[in-house]
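Contents: one structure, followed by commentary.
Residue numbers (the numbering used here): 968 to 1146.
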């Protein structure tokens, strides 16, 4: 079922605020292998003019993707999430995310396109702090593969694959020495 293009421009209200903690920032920086001290050391962050540690640039993904769940789960949109792959992610900052922020996300469907049989959904997440100040815009592109492509990627039985490979090898072997 194709995505409903009349949903372009539809916004979904923000959920509860996400409180950004120092430990979450540290864990995220560690997980992505970024040793920048401004992510873990308040003094290093303050030396650069920040009030506390700041988050790596991709940190808002977790917050914005969770908020995009309202879009993804909207039954009227017609998105079959079992066929979805992540296509792209971009961030546009007004200021860095920092420890102590309480952030909310408003998700809006920016576009719905059909490309080469795929349905491409672009979701914009506007992230604001508790005072209403814009912090970052997260743009997420999701690609829903066509049913035929999703089914073609189904895993076959290893035993069936081994038999097919053995049959192909024996029928194609013309060297006489088994190579």
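Glycine included, C-beta positions come from ideal geometry on N, C-alpha and C. Quick caveat, the model's predicted, so the values are computed rather than measured.
Here residue 1064 carries a coil assignment [DSSP, helix/strand/coil]. The count of Cβ pairs closer than 8 Å, one atom from the region 1007-1022 and one from the region 1090-1108, stays below three, leaving the stretches out of contact. Taking residue 1031 as the centre and dropping the five residues before and after it, the same chain places the C-beta of 1072, 1092 and 1105 closer than 6 Å to its C-beta, in chain order.
Out of 1016, 994 and 1085, the CA that lies nearest to the CA of residue 1114 is found in 1085.
Scanning the region 983-1050 for uninterrupted alpha helix (DSSP H) segments of 4 residues or longer gives 989-999, 1009-1014 and 1027-1039, listed from N- to C-terminal end.
When the alpha-carbon of residue 1058 is set against those of 1037, 1024 and 1077, the nearest one is in 1024. CA-CA distance, residue 1055 to residue 1018, rounds to 31 Å. Taking a cut-off of 8 Å for Cβ pairs, the region 992-1000 and the region 973-981 do not touch, as fewer than three such pairs fall below it.
Each of 1066, 1065, 1038 and 1047 was checked against the Cα of residue 1111, and the nearest Cα belongs to 1047.
The three-state reading of DSSP puts residue 1081 in strand, counting E and B together. For residue 970, no beta strand (DSSP E) encloses it, and the DSSP letter there is neither H nor E. Each residue's CA atom was taken as its position, placing residue 1082 and residue 1089 some 13 Å apart.
According to the DSSP assignment, residue 1103 belongs to the beta strand (DSSP E) that extends over 1101-1111.
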